[in-house]
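So the number in my numbering is just where the residue sits in the sequence shown, counting from 1, plus 11. No residue lacks a Cβ here, since even glycine has one placed at the ideal position from N, Cα and C.
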Amino acid sequence: MTAYLNALGVICALGRDKQAVARNLFAGDCSGMRRASGWVPERELPVAAVHGDLAPIPEALADQRSRNNQLLLEAALQIRDDIEQAIQTYGRDRIGVVLGTSTSGIDEASRGLAHYIRDHQFPADYDYRQQELGAPANFLADWLQLSGPTYVISTACTSSARALMSARRLLDLGLCDAVLCGGVDSLCKLTLNGFSALEAVSDERCNPFSANRNGINIGEAAVLFVMSKERGAGPGIALLGAGASSDAHHISAPEPTGRGARQSMQKALDQAHLQAGDISYLNLHGTATQHNDAMESLAVAALFAEGVPCSSTKPMTGHTLGAAGALEAAFCWLSLSADNPDHALPPHIWDGQADPALPTLKWVTASERLASIAPRYLMSNSFAFGGNNVSLIIGDAP
Numbered sequence: 012m013t014a015y016l017n018a019l020g021v022i023c024a025l026g027r028d029k030q031a032v033a034r035n036l037f038a039g040d041c042s043g044m045r046r047a048s049g050w051v052p053e054r055e056l057p058v059a060a061v062h063g064d065l066a067p068i069p070e071a072l073a074d075q076r077s078r079n080n081q082l083l084l085e086a087a088l089q090i091r092d093d094i095e096q097a098i099q100t101y102g103r104d105r106i107g108v109v110l111g112t113s114t115s116g117i118d119e120a121s122r123g124l125a126h127y128i129r130d131h132q133f134p135a136d137y138d139y140r141q142q143e144l145g146a147p148a149n150f151l152a153d154w155l156q157l158s159g160p161t162y163v164i165s166t167a168c169t170s171s172a173r174a175l176m177s178a179r180r181l182l183d184l185g186l187c188d189a190v191l192c193g194g195v196d197s198l199c200k201l202t203l204n205g206f207s208a209l210e211a212v213s214d215e216r217c218n219p220f221s222a223n224r225n226g227i228n229i230g231e232a233a234v235l236f237v238m239s240k241e242r243g244a245g246p247g248i249a250l251l252g253a254g255a256s257s258d259a260h261h262i263s264a265p266e267p268t269g270r271g272a273r274q275s276m277q278k279a280l281d282q283a284h285l286q287a288g289d290i291s292y293l294n295l296h297g298t299a300t301q302h303n304d305a306m307e308s309l310a311v312a313a314l315f316a317e318g319v320p321c322s323s324t325k326p327m328t329g330h331t332l333g334a335a336g337a338l339e340a341a342f343c344w345l346s347l348s349a350d351n352p353d354h355a356l357p358p359h360i361w362d363g364q365a366d367p368a369l370p371t372l373k374w375v376t377a378s379e380r381l382a383s384i385a386p387r388y389l390m391s392n393s394f395a396f397g398g399n400n401v402s403l404i405i406g407d408a409p
């Protein structure tokens, strides 16, 4: 079954709506990546934050107040009309909510625990449900009064890519007629200190696939699609294929040959009934860590023997962790949409110093253009701790 992606709400360091995000994405704008102190002791790090006030959580849902839910609310408000149309068409019990996250409200929980340690009581506005992994989906369903299947998938950095896969499965099984799907993660000290302890965070803007790469930057984002069985009034873009694998090589290091990554990409192609040569663009996971970039380049070079235009967008957005899969699927969606009249592709941002130990890939430059004639097929990769791999194919709907 074709899973139509009829609407998109998105907020990240590139902008606070899809028009701003598209404009800055295709311009290769890295201005949202800013150095900041206070996240990790005695370190000033580049982070990709959303700046400015966020939409307030309604008072009736005050016990669900968190930055994560505020980011999600911002994305949902952008497509409120599309959501209401789906509710009127299908009914509240036929609309599901499937999201990916890795942080949920852990920042609020951390501050609540610090308050408890200091004052021997939690702050008045603390509620343990803020930190539950299911909190974003529960919040969205409560706010919209939806009663369809509602849950969160948390598989580290593939979380929201898997949420799109799961949403499509709900449609295929006839359990829903539409699903609000995507992901959300917010900046928090726990995440930044955790990756810092792993010596995985760069002191400079990340430099994917460069010989000089030395780690990731962290960002935050919320992404929400309206996925349905029926094509809406939108641009006619669909999730055409998805593949997943789990090579279980190591708790944090990827399988070095890229075997699992290649398997997920091939599964996505098979499900979409496509060949590697049909893909017009590949959004790489491209974290700028030594091991991830090495294994991904091996996998891509092996599968796309004739080459494929590709880029990592993380120098512009940071690694948004649980939201990354949906965010980079959104970049494919924007590449195909009317918000990209010049048919540009997201450029690869790096220092141009290729790693001689890695296969040569075909990097997207500012002059690269996507074909204007349908059908066009774009792929997005997401890889996570534990050898968890997902590849999605976003394309013009048949």
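Look at the region 340-408 and you find these whole runs of beta strand (DSSP E), each 3 residues long or longer: 388-395 and 399-407. Per DSSP, the beta-bridge partners of residue 330 are 229. In the three-state reduction of the DSSP assignment, residue 247 falls in the coil class, being assigned neither a helical nor a strand state. Note that the C-beta distance between residue 240 and residue 318 is not below 9 Å. Counting only the Cα atoms, residue 194 lies some 13 Å from residue 161. Separation of the CB atoms of residue 245 and residue 18 is rounded to 6 Å, and the pair is thereby assigned contact status at 8 Å.
In the three-state DSSP reduction, residue 169 falls in the helix class (H, G or I). If you check the CB distance, residue 234 and residue 341 come in under 9 Å. Within the DSSP secondary-structure output, residue 61 pairs in no beta bridge.
Three or more pairs of CB atoms, one per stretch, sit closer than 8 Å, so the region 300-317 contacts the region 251-270.
Three or more beta-carbon pairs separated by less than 8 Å are not found between the region 171-182 and the region 53-68, which leaves the two stretches without contact. As computed with DSSP, residue 256 is found in a beta bridge with 400. Distances from the alpha-carbon of residue 54 to those of 221, 210 and 197 put 210 closest. In this model, residue 258 and residue 399 are separated by some 7 Å (Cα to Cα). For residue 273, the uninterrupted alpha helix (DSSP H) run begins and ends at 270-283, by DSSP. In summary, residue 173 is buried, with 16 or more beta-carbon neighbours lying within 10 Å of its beta-carbon over all protein chains present. Residue 227 counts as buried, since at least 16 other C-beta atoms from the protein chains shown sit within 10 angstroms of its C-beta.
Here the alpha carbons of residue 82 and residue 22 stand approximately 7 Å from one another. Separation of residue 386 and residue 255 (C-alpha to C-alpha, rounded to the nearest whole angstrom) is 24 Å. With contacts defined by Cβ atoms closer than 9 Å, residue 369 and residue 407 do not form a contacting pair. Distance from the CA atom of residue 40 to the CA atom of residue 168, rounded to whole angstroms, is 23 Å.
A straight line joining the alpha-carbon of residue 299 with that of residue 225 spans about 6 Å. When DSSP states are grouped into helix, strand and coil, residue 79 belongs to the helix group. For residue 395, the CB contacts under 6 Å within the same chain, skipping 5 residues up- and downstream, are 166, 167, 168 and 169 in chain order. A straight-line Cα-Cα distance of about 18 Å links residue 102 and residue 149.
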